[in-house]
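Residue numbering for the sequence shown follows UniProt numbering, beginning at 1 and increasing consecutively. First comes the structure, then the notes that go with it.
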Amino acid sequence: MFSFDLDYPADWYPYTWDCFSNTTFETKGLAKLPLLADSVEHPHNTVHLVLGSIGAMGDNDYAGFDPIFSLHHTQVDRLLAFWEHIYPNYWMGLSYMNNQGELKPFTDEEGTRAELPDASINENTTLNPFRQPGNSYWKASETCFMARMNYTYPAVQLSLGQDIGIAQWAADLAALHVTSLWILSSRHKVSSRVNPLRDKWAFSDKLAPAIFADDVTSKVPDGHTPVHGFHHFVFSVELLKFAFNLSYYLEFLYQKTEETTVPVGIVPVLGRGSSTLCAACNVCHAWDNKVHGVVTIDTDVMVDIVLKENLNHSHTMHDQIIDALKRNIWAHLATCSGGRIASPRYRDGQVSGAGYNTLAAEAIPKIIIASANLAERQREEVGEGGGKALSYYDTVQHAEHLTEGWS
1 MFSFDLDYPA DWYPYTWDCF SNTTFETKGL AKLPLLADSV EHPHNTVHLV LGSIGAMGDN
61 DYAGFDPIFS LHHTQVDRLL AFWEHIYPNY WMGLSYMNNQ GELKPFTDEE GTRAELPDAS
121 INENTTLNPF RQPGNSYWKA SETCFMARMN YTYPAVQLSL GQDIGIAQWA ADLAALHVTS
181 LWILSSRHKV SSRVNPLRDK WAFSDKLAPA IFADDVTSKV PDGHTPVHGF HHFVFSVELL
241 KFAFNLSYYL EFLYQKTEET TVPVGIVPVL GRGSSTLCAA CNVCHAWDNK VHGVVTIDTD
301 VMVDIVLKEN LNHSHTMHDQ IIDALKRNIW AHLATCSGGR IASPRYRDGQ VSGAGYNTLA
361 AEAIPKIIIA SANLAERQRE EVGEGGGKAL SYYDTVQHAE HLTEGWS
């Protein structure tokens, strides 16, 4: 969710907000937003499912009765405050531009208790049933930026009660972006020059294949310099929201040895069953909504696969790295209590789901292996150790993964 660039053109602002705020976004494909960027709903839904087990958090009809529900949503609110602080321009506004150059309003296809299905929504839409002291309903535009609501969080240094304008944020725009990307670079061990939180571990000394060494300098964004020896890999995933009439998740696993699997990440789907009394959810059932999610492949896993497959050579082709990923990382679908739903044919044709019913075609996960290079912005230098904000570039969709044999 912090992988969006800082300076998209103005007509991309609504697209970016849509992608950030929803796992099913209306403006999909209208802008070349990074496949690596994900929605705030991903960590939100993950916690619901991880804590859900056989309890309430994995079921939206009951989650609000779990005592941890309030604490969890306070943390999501904190993440939203960070995101708004880093990306103050990205907002729904009044409309977005479609492929024909026409301004189109966002629509709420499910409807709400106060809005009809397919009602137009924008920054002036009222947030019924939430009322201001004068008894009028709040508008969406009146609630963005936490300080307008007279509260904030540590690390977002603002005066409460201010009417915050975009220009007021400009000088501090990159500070939290750098902090969040220090965490990213710590996770991937890029180098101490970018990441002052770890000892130096420059992967240019460890990974020889061209996909890691080639900075594609012709594609480096203006005002940036490439981070050498690093390449970022993800799974971009699309799942049918109501495929199994309950909340579920797709989990990726690295087959480290014959007996050992290492968790890579999950894409959660938080939903209600068809028996719910939620009218909006029943509309979603009819629409066959898809959920989008992104799973980052940790650099530790990439290094292990490259060394394990004896591919750490300068002559190793890009396709060999992707094929190695396919051989070593598989996935399965499960309920939030860990119950098995389906697994694919994987690892040289072995069938992991033998004896089970074949999964319906529309319920099979769509998984794309994608990757990108990393570059440092040169326009600002902030934070401890002089870290610079980072941007992804040269994003490539390599191949589909695990397309058949699900049962």
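Glycine included, each C-beta is placed from N, C-alpha and C at the ideal position.
C-alpha distance - residue i paired with residue j, whole-angstrom precision
| i | j | result |
| --- | --- | --- |
| R78 | H44 | 12 Å |
| V47 | H315 | 42 Å |
| F20 | V295 | 15 Å |
| L325 | I86 | 33 Å |
| D214 | F235 | 21 Å |
| I305 | T358 | 30 Å |
| L250 | G134 | 46 Å |
| T16 | A334 | 30 Å |
| V301 | N245 | 33 Å |
| T126 | D323 | 50 Å |
| W330 | P129 | 45 Å |
| S141 | V156 | 19 Å |
| I266 | D298 | 13 Å |
| T395 | F233 | 10 Å |
| D118 | K28 | 17 Å |
| G338 | Q255 | 19 Å |
| R148 | G64 | 26 Å |
| A10 | E258 | 51 Å |
| P105 | N99 | 14 Å |
| S120 | Y96 | 12 Å |
| G101 | H73 | 37 Å |
| L71 | V216 | 44 Å |
| L103 | A37 | 25 Å |
| G328 | Q132 | It is Asn, not Gly, that sits at residue 328 in the sequence shown. Distance between the alpha carbons of N328 and Q132 is about 55 Å. |
| L321 | G405 | A small correction: the amino acid at residue 321 is Ile; Leu does not occupy that position in the sequence shown. Their backbone Cα atoms lie some 23 Å apart in a straight line. |
Own chain, CB closer than 6 Å to residue i, minus 5 neighbours either side, in chain order
| i | result |
| --- | --- |
| G386 | The predicted position of G386 is uncertain, since its pLDDT is 46 and thus under 50; a value taken from the coordinates is nonetheless stated next. Nothing meets the Cβ criterion. |
| residue 472 | Residue 472 is absent from the model: the chain starts at 1 and stops at 407. |
| F25 | D18, C19 |
| L33 | C19 |
| D348 | Since pLDDT at D348 reaches only 49, below the 50 mark, its modelled position is unreliable, and no value is offered. |
| Y62 | A56 |
| K308 | none |
Closest by C-alpha distance to residue i, when choosing among the options
| i | options | result |
| --- | --- | --- |
| E238 | N122, T143, A208, T403 | T403 |
| H398 | P14, Q378, M317 | M317 |
| L240 | H224, A361, N310, Q255 | A361 |
| L390 | F244, P268, F230, E258 | F230 |
| D5 | D66, W83, G58 | W83 |
| L116 | S371, L253, D108 | D108 |
| P88 | V264, C144, E123, M97 | C144 |
| I341 | I329, T27, A363, S39 | A363 |
| S407 | V396, D66, P365, H72 | P365 |
| H401 | R377, S343, T395 | S343 |
| H42 | F242, N22, D7 | N22 |
| S39 | S141, P105, V291, A63 | V291 |
| Q75 | P154, N310, E258 | P154 |
| D319 | S120, N124, A210 | A210 |
| G293 | R327, S70, I368, K308 | I368 |
Assumed close pair residue i, residue j - CB separation to whole angstroms, cut-off 8 Å
| i | j | result |
| --- | --- | --- |
| L374 | V220 | About 10 Å separates the two Cβ atoms, so there is no contact after all. |
| residue 433 | L35 | No statement about residue 433 is possible, as the shown extent of the chain runs from 1 to 407 and does not include it. |
| L94 | N122 | 5 Å |
| L253 | P263 | 6 Å |
| G223 | R377 | 6 Å |
| Y8 | W91 | Incorrect: roughly 12 Å between the Cβ atoms, too far for contact. |
Contact set for residue i: own chain, Cβ-Cβ below 7 Å, skip 5 residues either direction
| i | result |
| --- | --- |
| Y393 | K219, V220, P221, A372, N373, A375 |
| L207 | G229, V303, V306, N312 |
| S136 | none |
| D172 | Summary for D172: the model assigns pLDDT 45, below 50, so the residue's position carries little reliability; its value from the coordinates is reported in the next sentence. Hits under 7 Å: none found. |
| N310 | none |
| Q168 | Because Q168 carries a pLDDT of 41, less than 50, the predicted location of this residue cannot be relied on, and the following value inherits that uncertainty. Excluding sequence neighbours, Q168 sits near nothing in its chain. |
Contacts around residue i, its chain only, beta-carbon distance under 8 Å, and the 5 residues preceding and following it disregarded
| i | result |
| --- | --- |
| T225 | A375, E376, Q378 |
| I68 | L51, M57 |
| T261 | L253, Y254, Q255 |
| K139 | E123, N124, T125, T126, L127 |
| D66 | L51, G55, A56, M57 |
Problem - Complete alpha helix (DSSP H) runs within the segment 17-98 (minimum length 4 residues, chain order) - result: 41-52, 68-86
Practice task
Mind listing, in chain order, the continuous beta strand (DSSP E) runs of no fewer than 3 residues lying wholly within the segment 321-345?
Solution key: 329-335, 340-342
Exercise for the section: Jot down the residue ranges of each uninterrupted beta strand (DSSP E) in the segment 203-261, minimum 3 residues, whole runs only, in chain order. Expected result: 224-226, 232-240, 248-255
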